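Chains as they are written, first to last, in my numbering: chain S, 1 to 382; chain Y, 1001 to 1300; chain H, 2001 to 2290.
Encoded as C-alpha cells, the structure appears first; notes follow it.
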Amino acid sequence: MRLLFLCLAFLSLATRAGGITPTEIRVGSLQDLSGPIASLGVHFRNGTQMRFDEENARGGVHGRQLKLLVEDTGYDPKRGVLATEKLLGGQGIFAAIHNLGSPVVMATMPRFVEAGVLHLFPGAPLSQVYEPVHPLKFGMSPSYTLSVPPGARHLIKENGFRRVGILYQDDDMGREVQRGIETLLDELGLQWCEQSSYKRGATDFSSQIARLKAAGCDFVVLGTVVRETIGAYTEARRGGWQVPMMVTASGYTAQVPQLGGAAMDGLYAVALVPQPEAEGANRALADWIVRYKEKFRTEPNTWDVYTWVGTDLFVRALHAAGPQPTLQKVSAALEQLRTTRDFFGSQPIAFSPTNHLALGQVRVAQIRNGRWENVTDYLPIR
Amino acid sequence: MRRFIPLLLVLATAPFILPTWGIAQLGFVATYIVAGTGLMLLAGYAGQLSLCHAAFIGVGAYTEAILNTQGWPFVLSMPAAGLFAAGVGLLAAWPARRLSGIAFAIATLSFGFIVQEVLTRWEALTGGNAGLSIPALDPATLFWLAGSLALTALWLLGRVLDSSSGRAWVALREDSTAAAVLGASSPAMKVQALLLAAALGGIAGALYAHQLRFVSPEQFDWVMSIELLMMLVIGGLGTRTGIVLGALFLIALPQAIGLLRDAWPAALPPAGLELFAFGLVLVLSLRFAPAGLAGWLRSL
Amino acid sequence: MDAFLPLAIAGIALGCVYALVALGFALIYQATTVVNFAHGELMMLGGFVGLALVSSGWPWWLALAGAALACALFGLLAERVILRPLTGQVHIPIVMTTLGLGFMLKGGITMLPGAGAETHAMPTPFAGQVATVAGVPVAADHLLVIAVTALVGGLLFAFFSFATPGKTLRATAQNPLGARLVGIAPGRMHGLAWALGAGLAALAGVLLAPITFVHAQMGLIGIKALPAAVIGGFGSIGGAVAGGLLLGLVESFAGFYAPDGIKDVAAWLLVLAVLLWRPAGLFGQQQENT
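As C-alpha cells, then:
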C-alpha cells in the first residue's frame, strides 16, 4: 500500500514538472490546420514557431531549446480533447499556447489546468480564459463583449449617432458582440434601432441590410468575419446606403480591403494588434517581414503578429523566471511583466495579480484608399 | 456470448494499464459504438440513409448536460437522455415514416438542421451558441460506463435482429413490397427503427457530453452524421463487427495521419490531408471492399 | 411597403444563385437517379480552376469556358473510375461515394500550397458595376447569374425534352434494363451526365466567385441549394429553377419580416412540408425508388 502511495506521489510530481528537461521546454498548441478556420490556424502556428526559432537560434532560454508541439484539431472539440490527452501524456508539456477555436478551448482548458499546465493566450475571445484570475490561465484578447464597445462608444460620441443597428453572425462570436453593444447602449441611454443576424457561411445579406436600412439606422456594428464583412458592406453601398459601419477585430485584416477592393473604403474596425505592413515599415519590422516570408513562403498578417507577441511574452517570462523555471515562477514572472510599444506598434502590456488579460486597449482604424489607417490611439476597454 | 469475454477483460483492466490518452481514445470508440449501433439499425439493417443522427446525439448530450448540472446522477440522467432523444426521434419519424431512399435521407437531413437551430435559439435552456459546461466524471468510471454501454448496445442489437421485427427490417431493406405482403407495415417499422436509433443516439450523446465536458450546437451538425455513416460503411454495413471496426478506424485514422504529418514535406500544407484521406478511404472501400473491414476480415 | 420591390428583386437574384446550383443536382439526378453530394465541391473545384486560369492571364470568358471544360473532363473521369463500378447498387453506397469524392476534392484543394487555405477574389469584367432594375440597384454580377441561369435552364429543358441524347439519358435513368435492350449503353450515358453536371458546377463556381469568393469552403452553398432541387421535385429542370426562385424569395422576405432565425431554417421547413405533402416534390414525376 505504501509503495502504491509512493508511486502515486511520484506520478503526480512527474506530471507537475512535465515538459521540462535540462535541454528543452516542451510547449503544446492545438491548432486548426484542416478545418473551417485553417487559414487562421496556419498563421497562429507560424507566428508562434517564428518566435521560438528566433530564441532557439540565440541558444534558447537558459540553455533550454523551446519545442513547439502542434496538434491539429480541425476545430473539432472531440479531436481537441484527444490531442490534449496526447500532449499531457508521455513527456508532457510545460505550457499550452495559442490554442485556437472557442469550442476546442472550452472543452480542453479545464484539462490543461487540472494537469498543471500553463494555459496561455488562447485564440478564443472568451472571458473565461482570463477570468476569474487563476495562476495558470492568461488571456491575450478580451472577449468581444469588452473589445467592441470602446470603439463603438468613440464613434457614437464623436459623430452623435442615435440609431444604432447591428448585423451579427449567429454564433458565440456574434452574440458576444451583440451583448457588448447592448450594454453600451444602456450606458449611453440609447435603444437598439434594429438587429439582424445570419448563419455562418451565408453569402447573401440583402434582406438583413434592407431591414437595417428600413429601420433608419445611422450607425451599424458588424459582428462578422472577413467574407461576410465584405458582403454586408458592399451590399449596403451598392444600394447607395452610405451608413458608417464598424467591424470587430476579426474583420481587421488586410484581406478585407484586398478582397473587397475600393468598395471597402470608409469601413471602421476595432483593432487589437497592428497589421504588419511592409509599406512605411520601420527597419525592425521590414526585417521581420523579410524573415517571415523566407521562412513560411507566405505574407504575414495580423495573426502572426498576435501570436508572435504572445510567444514573446512567454519567452520573456521564462527568462525572468531564472534557470530553474517552475509553474509558480513563470506565472509570477508573467504577472510582473511590463512591455512597451514594440516595433509592430503593439500596445503596452501589463499583467498583474488581479489582471491576466494582455490586451487591455483597442484602437479604431478605418480603411482609406485600400489600407487600414489608425483613427485613434489606444483606448482602454474598462 | 463467448466473443464478449475478451472484450470484457480489456474493458475491466484498461484503465489500470493504459495512459489517460489511450483511455480517452477508447472511451470515444465506445461512445461511437453506441451511436453507431443505433444508426446501423437504420442504415445497415433497415436500409434507410439517416442524415440526422447527430441531432439525436446532440439532444442526448444537452439533456445530460442540463440534468447533470441540476444534480441528477448519471444513472438517472442517461436513461432520460435516451428517452428524450427517442421522443425527438418520434418527431423525425412523422415526415420520414412514409419516405424511403433519397427522400428519407433528405427529410432526415432537414430535420437535423432544424434540431440544430432549436438548440441554438432556445437560449434559456441550452445557453445558445455559448454552449454548456458539464461537471467532470472520473475518467475510469466514465470509461467503464461507456464500455459497458457499448457492449450492451451490441448485445441488444443482436437480440433485436433475432426478433421478428428485426427480421422484418431486413426484409424491408431487401424488398419493401415483399415485406408488406408478409404483413410487415413499412411505416410502422420505420418508426420503431428510428425510435431505437434515436434512443441509442441519445445515450451516446450523454456519454459524449461527459467526455467533452462542453456542448455547443455547432458540434452536432450534419458533418457528424456523415462521419458516423462513413464509420459504418468503412466498418461494414449490416454487421455488428463492422460497428466496432468502424469506430476503431474513425478514432485511429487521425492519429495515423498525425504520425504521417511529422514526415510530411514542408512545401505541402498539411491542412486538408485528413479530409482527403477520409474521402479516399471511403471511396476505395466502397469500390474494393463493399462489405467493409468486417467483410475483409472474414475473407482472410 | 416600399421595401417590397427591392426584396423581391434581391430574392430573385439570390434565387437564381440557388437555381443555378440546383440545376446541377437536377441534371445528374434526372440522368442517373443519383443525388450528387459532391456537387458543391465540384463547384469549388471549378472556381479554383477558373481562378488559376485568370491569374495566369486568360481572359475571363475563356477562363470560364476552360474551367467548365476541365471540370467536365474531371466529371467524366470520376464517373468512369469511381461511380460506374457501383452501378446497380442501392443508394447508400452511391451517396456515400459522392460524399467521399467531395471530401477528397475539399481536402485536396485545401492542400494546394499557398492558395488552398486562403480566400481569393476573382477579377471579373463586371466587378463593382451596378445596374438599375425597376429603380432597384442590382450588381452586374448578379444580373449575369440571372441571365446564365435562364439560359442554362432553357437549354437543359430543351435538351431533355427534344434532343436525342437528352431523351436517351432520361430513358436510361427511368429504365436501365429497357435502355440496354434497345442498344443504349447506360454507362456511357452516365458518363455524359456527369460531364455535363460537373461542367455546369464549374460554370456556377466561376459565376458565383464575385458573390461568394473562391475558397475551399465555398462548396457549402451546395447544401444550401439542395432544398431548391428537392422542392422543385428532384430531377425536374423547370422545378429546380422554380424551387431556387421560391427559396430565394422566401429567404429574402423571411429575413426582412420574420423573427431572426426563421430565414435560416425556412428552406428546411419548406422541404419537410413538401415531402409530407407530396413525397416526390412539387413538380416531380419520377417515383422514388430505393
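Virtual Cβ for every residue (Gly too), placed ideally from N, Cα, C.
Quick caveat: nothing in here was measured; it's all calculated off a predicted structure.
Run the CB neighbour count on S2056(H), radius 10 Å, all protein chains shown included, and call it buried at 16 or more, exposed below.
exposed
Any chain S beta carbon closer than 9 Å to P1019(Y)
yes
CB contact check: P36(S) to chain H, cutoff 9 Å
yes
Spatial neighbours of I289(S) in its chain, beta-carbon cut-off 8 Å, leaving aside the 5 residues before and after:
P276, A278, A281 and P300
Please return the same chain residues whose Cβ sits closer than 7 Å to the Cβ of G2116(H), not counting the five positions on each side in sequence.
I2109, T2110 and A2216
Using the beta-carbon count (16 or more within 10 Å), is V2081(H) buried or exposed?
exposed
Quick check on the DSSP output: what are the complete alpha helix (DSSP H) runs of length 4 or more inside the region 286-360 of chain S, in order along the chain?
302-320 and 327-336
Measure the CB-CB distance between V2274(H) and F1113(Y) and report whether it falls below 9 Å.
no
Kindly examine the ligand ZN and report whether one of its heavy atoms sits closer than 8 Å to the Cβ of D218(S).
As for the ligand ZN, it is missing from this structure, which has no ligand bound.
Is any beta-carbon of chain Y found at less than 9 Å from that of A2216(H)?
yes
Could you spell out where the beta strand (DSSP E) holding K199(S) opens and where it closes?
Segment: none, K199(S) is in no beta strand (DSSP E) and carries neither H nor E.
Between the beta-carbon of V247(S) and the beta-carbon of P150(S), is there less than 9 Å?
no
Have a look at M1078(Y) and T1031(Y) and give me their C-alpha separation to the nearest angstrom.
13 Å
Using a C-beta to C-beta distance shorter than 8 Å, which residues of chain H count as neighbours of V405(S)?
Since the displayed chain S opens at 1 and closes at 382, residue 405(S) lies outside it and no answer follows.
For G2050(H), go through chain S and note every residue whose CB falls closer than 8 Å to its CB, in chain order.
Ordered by position in chain S, no residue passes the 8 Å Cβ test against G2050(H), which lies about 16 Å from the chain.
Answer with yes or no whether the minimum CB distance from G2114(H) to chain S is below 9 Å.
yes
Count the C-beta pairs between the region 2098-2105 of chain H and the region 1276-1292 of chain Y that are closer than 8 Å, then say yes if the count reaches three, no if not.
yes
Hey, L2200(H) and A2068(H): beta-carbon distance below 9 Å or not?
yes
Compare the C-beta of I230(S) with all C-beta atoms of chain H and state if any pair is closer than 9 Å.
yes
Members of the region 274-305 of chain S near chain H, C-beta cut-off 7 Å:
R297 and T298
What do you get for L2177(H), buried or exposed, if any count of 16 or more other CB atoms within 10 angstroms of its CB means buried?
exposed
Interface flag, R1213(Y) vs chain S, CB-CB below 9 Å:
yes
Consider the Cβ of S1225(Y): report whether some Cβ of chain S lies at a distance smaller than 9 Å.
no
Taking the continuous alpha helix (DSSP H) assigned at N46(S), which residues delimit it?
A38 to A57
Excluding the 5 residues preceding and the 5 following G80(S) in the sequence, name in chain order all residues of the same chain whose CB lies nearer than 6 Å to its CB.
L30, T73, V104, A107 and T108
Are the C-beta atoms of G226(S) and some chain Y residue less than 9 Å apart?
The identity of residue 226(S) in the sequence shown is Val, whereas the question assumes Gly. Answer no: the Cβ-Cβ gap between V226(S) and chain Y never drops below 9 Å.
Are the C-beta atoms of K137(S) and some chain H residue less than 9 Å apart?
no
Alpha helix (DSSP H) segment containing E176(S), residue limits:
D172 to L188
My guess is that T2149(H) and V2034(H) are in contact by the Cβ rule of under 8 Å, so how many angstroms apart are they, rounded?
In fact, because the Cβ distance is near 23 Å, the residues do not count as touching under 8 Å.
Let me see if you follow: with CB-CB separation under 9 Å, is D204(S) close to chain Y or not?
no
Beta strand (DSSP E) segment containing H119(S), residue limits
L118 to L120
From L2276(H) to P2093(H), what distance separates their C-alpha atoms?
26 Å
What separation, rounded to the nearest whole angstrom, lies between the Cα atoms of I97(S) and G2235(H)?
51 Å
Whole angstroms is fine: what's the gap from T376(S)'s alpha carbon to V2017(H)'s?
41 Å
Grab me the residues of Y2029(H)'s own chain with a C-beta within less than 7 Å of its C-beta, minus the 5 sequence neighbours each way, in chain order.
V2035, F2234 and G2235
Report yes or no: do the region 249-257 of chain S and the region 178-196 of chain S share at least 3 C-beta pairs separated by less than 8 Å?
no
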